[in-house]
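Sequence positions in the sequence shown follow this note's numbering and run 481 to 560.
Heads up, the beta-carbon is just placed ideally off N, CA and C, and yes, glycines get one too.
These numbers come from a predicted model, not from an experiment.
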Amino acid sequence: MDWLKKKQGDYLTAPFDPRFPNSNQTRNCYQNYLDYYRCMKIMKAKGKDVEACKWYFRVFTSLCPISWVSRSITLAGENS
């Protein structure tokens, strides 16, 4: 997992994503939110470590408004 940490970096905020070049980062927020839960679902189904999914979590929590993040965490807790 060291190679993964090195590749992902130790970002405090989301790195530049060329898919979302505009200043409005709403779609970037939503895409990383979807990628996080998709990653969690796939890794758990395969019985693998979900450590790789934490990067998506860090990115979407840094991009999305706090109210959206707290709401998504609340809903995820109710559904599990």
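Around the Cβ of Leu-543, a 10 Å sphere holds 16 or more other Cβ atoms; the residue is buried. With contacts defined by Cβ atoms closer than 8 Å, Arg-507 and Phe-500 form a contacting pair. In the same chain as Thr-493, and ignoring 5 residues on each side of it, the C-beta atoms closer than 6 Å to its own belong to Ser-542, in chain order.
Here Phe-537 really is in contact with Tyr-516; their C-beta atoms are around 5 Å apart, less than 8 Å. Asp-529 sits in coil when the DSSP states are folded into three classes, being neither helix nor strand. Put simply, of Asn-502, Tyr-513 and Gly-527 the residue whose alpha carbon is nearest the alpha carbon of Pro-545 is Tyr-513.
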